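> Residue numbers (our numbering): 1 to 165. The structure follows.
This is the structure we're talking about:
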């Protein structure tokens, strides 16, 4: 019974502490495909590419929230390239000779866009990451390097580094 009373007391204290407190507004993240890449995306599978865009959005939002970065900013990104490490379901369907496990390639992604900070200033964003060698892709899933690209972009954004060199 004491445990329930302690939990109720702590929950009440937390609700009082957070009521009326000013919370920072998390960054708004919007990610779309470039029109040029949309044609290539069809060959990868529209559903899988759309899933990747949603994963990128969640990953960037999560990283920025966790690192308490870019509060109140609006981040608009365009995926200009997206390469899987292994064949997508659509590619396997279209080309039966591909092997889901043994077919391997260098994957990654490229992003461009803008970050509009809470004070209204706009910063250009450019980032791309691809595995340096095929050996770095061994053991990868279909979208490992694309995920790695968005993760590194999210960390760069949190540090205030908008254009990669």
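Cβ atoms here follow ideal geometry from the backbone N, Cα and C, with glycine treated the same way. The structure displayed is predicted, hence computed values, not measured ones.
1) Looking only at C-alpha atoms, which of 116, 31 and 114 sits nearest to residue 51?
2) Pop quiz: residue 150 and residue 109 are said to be a contact at Cβ under 8 Å. What is the actual Cβ separation, rounded to whole angstroms?
3) Can you tell me where the beta strand (DSSP E) with residue 30 in it begins and where it stops?
4) Which residues share a DSSP beta bridge with residue 111?
5) How would you label residue 79, buried or exposed, when you count the other beta carbons within 10 angstroms and need 16 or more for buried?
6) Alpha carbon to alpha carbon, what distance is there between residue 72 and residue 25?
7) Please confirm whether residue 82 and residue 146 have their CB atoms less than 9 Å apart.
8) Going by CA-CA distance only, name the one from 44, 159 and 106 that's closest to residue 140.
9) Reducing DSSP to helix, strand and coil, say where residue 42 ends up.
10) Restricting to Cα atoms, I'd like to know which of 163, 64, 41 and 66 is closest to residue 113.
11) Using only CA atoms, which one of 142, 144, 132 and 157 lies nearest to residue 125?
12) Excluding sequence positions up to five away, which residues of its chain have a Cβ less than 8 Å from the Cβ of residue 41?
13) Would residue 138 be called buried (16 or more neighbouring beta carbons within 10 Å of its own) or exposed?
14) Within 10 angstroms of its Cβ, does residue 179 collect 16 or more other Cβ (buried), or is it exposed?
15) What's the gap between the Cα of residue 159 and the Cα of residue 43?
16) Span of the alpha helix (DSSP H) holding residue 150?
To lay it out plainly:
1) For residue 51, the closest C-alpha among the options 116, 31 and 114 is that of 31.
2) 6 Å
3) 28-33
4) 79 and 127
5) Answer is buried; the Cβ neighbour count reaches 16.
6) 5 Å
7) Yes, they are a contact pair.
8) 106
9) helix
10) If we check each option's Cα against that of residue 113, 163 comes out closest.
11) 157
12) If you ignore the 5 residues before and after residue 41, its C-beta comes within less than 8 Å of the C-beta of 33, 49 and 82, all in its own chain and listed in chain order.
13) Exposed is the call here.
14) Nothing can be reported for residue 179, as the shown portion of the chain is limited to 1 through 165.
15) 35 Å
16) 144-159
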